[in-house]
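Here's the structure, in structure tokens; my notes come after.
In our numbering, the protein residues as written are 455 to 609.
Here it is in structure tokens:
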């Protein structure tokens, strides 16, 4: 039996995929740009990552990548799988998770990625980063506070 355009049901297209399956995939990927599609396919290929977490057009491709990297490493990405975070913020949170620090102190879109970096480094070094984890404190000042704490701890 032939349908629309004269293509038979079940007829194989390129690489052995049935045309109906290809049409379904195309429909699922509608609205994604080529870079987002790359991240979705990469997640499926590399680690069977649960791409449903990030296969949404509300994420930019570089945000998808940070979520995928976390999934590939078995991290709980729920604390940063939010389009409110820029990709560099996601990177800082993922790095913190990989380092084993409590990212809850800085996993907030109110912090810039540079502020997150200053807090994360303090946590990694065992400092009381809570004392300077305030979105109102600039990243440069946070770095100065952290370095003062490091210096005091080394004496």
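Here a beta-carbon is modelled for each residue, glycine too, at the ideal position from N, C-alpha and C.
At the C-beta level, residue 491 and residue 483 come within 8 Å of one another.
A distance of 8 Å or more separates the beta carbons of residue 548 and residue 568.
Secondary structure of residue 595 (DSSP, three-state): helix. When DSSP states are grouped into helix, strand and coil, residue 480 belongs to the helix group.
Around the beta carbon of residue 513, a 10 Å sphere encloses 16 or more other beta carbons of the protein chains shown; the residue is thus reported as buried. DSSP, reduced to helix, strand and coil, places residue 472 within a strand of the structure shown. Residues of the same chain with a CB within less than 6 Å of the CB of residue 474, apart from the 5 flanking positions on each side, do not exist. A residue is called buried once 16 or more other Cβ atoms fall within 10 Å of its Cβ, and residue 531 is buried on that count. Here residue 583 is buried. Its C-beta has 16 or more other C-beta atoms within 10 Å. The alpha-carbon of residue 521 is positioned some 27 Å away from that of residue 477. Residue 526 and residue 500 do touch by the CB rule: their CB atoms are close to 6 Å apart, below 8 Å.
Going by DSSP, residue 489 is part of the alpha helix (DSSP H) stretching over 488-501.
Around the Cβ of residue 561, a 10 Å sphere holds 16 or more other Cβ atoms; the residue is buried. In terms of Cα proximity to residue 592, the closest of 564, 577, 486 and 493 is 564.
Ranking 537, 504, 505 and 533 by CA distance to the CA of residue 517 puts 537 first.
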